[in-house]
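Scroll down for the structure; my scribbles are underneath it.
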Amino acid sequence: MEIDGHLNIVYDLFGPPVNGWDPNKGKSVDKSGFRNLKKMTPRQRSAWQAGFAAQNEKLKRDGLKGRAFVRWKYQRYIRNYLRCIKGVDESVGRLLDYLKSTGLEKNTVVIYSSDQGFYLGDHGWYDKRWMYDESMKMPLVVRWPGVTRPGSVNTDLVQNLDYAETFLEMAGVKIPSDMQGRSLVPLLKGLKPKWRDALYYHYFEFPSYHMVAKHFGIRTNRYKLIRFYQFDEWEFYDLKQDPDELSNQYGDPKHAETIAGLKRQLADLRTVYRDNSDVRAMPIEWRKKYRPGRK
16 MEIDGHLNIV YDLFGPPVNG WDPNKGKSVD KSGFRNLKKM TPRQRSAWQA
66 GFAAQNEKLK RDGLKGRAFV RWKYQRYIRN YLRCIKGVDE SVGRLLDYLK
116 STGLEKNTVV IYSSDQGFYL GDHGWYDKRW MYDESMKMPL VVRWPGVTRP
166 GSVNTDLVQN LDYAETFLEM AGVKIPSDMQ GRSLVPLLKG LKPKWRDALY
216 YHYFEFPSYH MVAKHFGIRT NRYKLIRFYQ FDEWEFYDLK QDPDELSNQY
266 GDPKHAETIA GLKRQLADLR TVYRDNSDVR AMPIEWRKKY RPGRK
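In this text, residue positions in the sequence shown follow the working numbering: the first is 16, and each later residue adds one.
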């Protein structure tokens, strides 16, 4: 989702109501950002709107266009993001202070994580969904008194599928055999068990208002292979040489052997996770509708 074309001035950035002034030209139809506003009391909503009022009125007066307007949208977006992060940080601090003040700190496991990463202008995008590292990676910080060594860092490939098994083992509960993740307890104890060497990813939602094409792929410590299967497009990245994933090397013959191996491994992972979804390319007429500039 592009900051330029899809980040909506009203619904994403809480900017001035349209009233005939809509630089986005209605490209975004995602109105989920308004849900929290509807949950506010009239007093809360009034305070919220007052906080943005002066900036919104100035924006309407300035009549920004082109790159200047994109720059304004990004600045509003990143400031809102930083405000949100500050609120999260303060809330985590309140929780930790409570555990310390009540004597619960020494026998409580604290885990900080998220459901995904987030784009902050990387690749020109906001939001998440794509398999690129900015959204595929997520925070995972664990404090387990007497078990996890403070300040230690683990670089094994883990995923949020592992969380449930981890919590069950921590609680002394038997892990059902049909669960698809692995408990992280051995890693948190500093052990070196035989571990996975690749992660599987699959995004299913297209077409929709997010308009991120369906894709699946595999990520190892060194490489990433992605297939946008509806459009029959592949991307390959050497994460050591190109950590920002800016140059697709799929067509480079020198990577052919590596790519072939990743494709075999990807097929194996689809079997492991019982992913039997239809990943055929769509008819060329359909592809032209959603990618009019492509052959």
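Even glycine gets a Cβ: it sits at the ideal position worked out from N, Cα and C.
| Check | Outcome |
| --- | --- |
| Nearest candidate by alpha-carbon position, reference Asn95, set Gly30, Arg60 and Asp77 | Gly30 |
| C-beta atoms of Leu74 and Trp63 nearer than 8 Å | no |
| Closest by C-alpha distance to Trp249, when choosing among Asn263, Tyr26, Glu72 and Arg279 | Asn263 |
| Coarse secondary structure for Lys239, derived from DSSP in three states | strand |
| Per-residue DSSP class, three states only, for Ile299 | helix |
| Val200, enclosing beta strand (DSSP E) - first and last residue | No beta strand (DSSP E) holds Val200; the alpha helix (DSSP H) holding it covers Val200 to Leu203. |
| N- and C-terminal bounds of the alpha helix (DSSP H) containing Arg158 | No alpha helix (DSSP H) contains Arg158, which is instead part of the beta strand (DSSP E) from Leu155 to Arg158. |
| Of the residues Ala179, Arg285, Leu284 and Leu254, the one placed nearest His270, counting alpha carbons only | Leu254 |
| Per-residue DSSP class, three states only, for Tyr113 | helix |
| Other residues of its chain near Gly41: CB distance less than 7 Å, five sequence neighbours each side excluded | Residue placement at Gly41 is flagged as unreliable, the pLDDT there being 48, under the threshold of 50; the coordinate-derived value follows with that caveat. Same-chain partners within the cutoff: there are none. |
| C-alpha distance - Met151 paired with Ala83, whole-angstrom precision | 30 Å |
| Per-residue DSSP class, three states only, for Gly81 | helix |
| Beta-carbon contacts of Arg198 that lie in its chain and below 8 Å, excluding the five residues immediately before and after | Note that residue 198 is Ser in the sequence shown, not Arg. Correct list, in chain order: Asp177, Glu180, Thr181, Leu183, Glu184 and Ile190. |
| Limits of the beta strand (DSSP E) - the one that Val287 falls within | Run containing Val287: none in the beta strand (DSSP E); it sits in the alpha helix (DSSP H), Ala271 to Val287. |
| Identity of the residue in Lys115, Leu240, Arg211 and Gln90 nearest His217 by Cα | Leu240 |
| Tyr147 beta carbon less than 8 Å from that of Ile18 | no |
| Simplified DSSP state of Gly41, which is helix, strand or coil | For Gly41, the predicted structure reports a pLDDT of 48, less than 50, and the residue's modelled location is therefore unreliable. The matter cannot be settled from this model. |
| Within 8 Å, strictly: CB atoms of Tyr244 and Ala282 | no |
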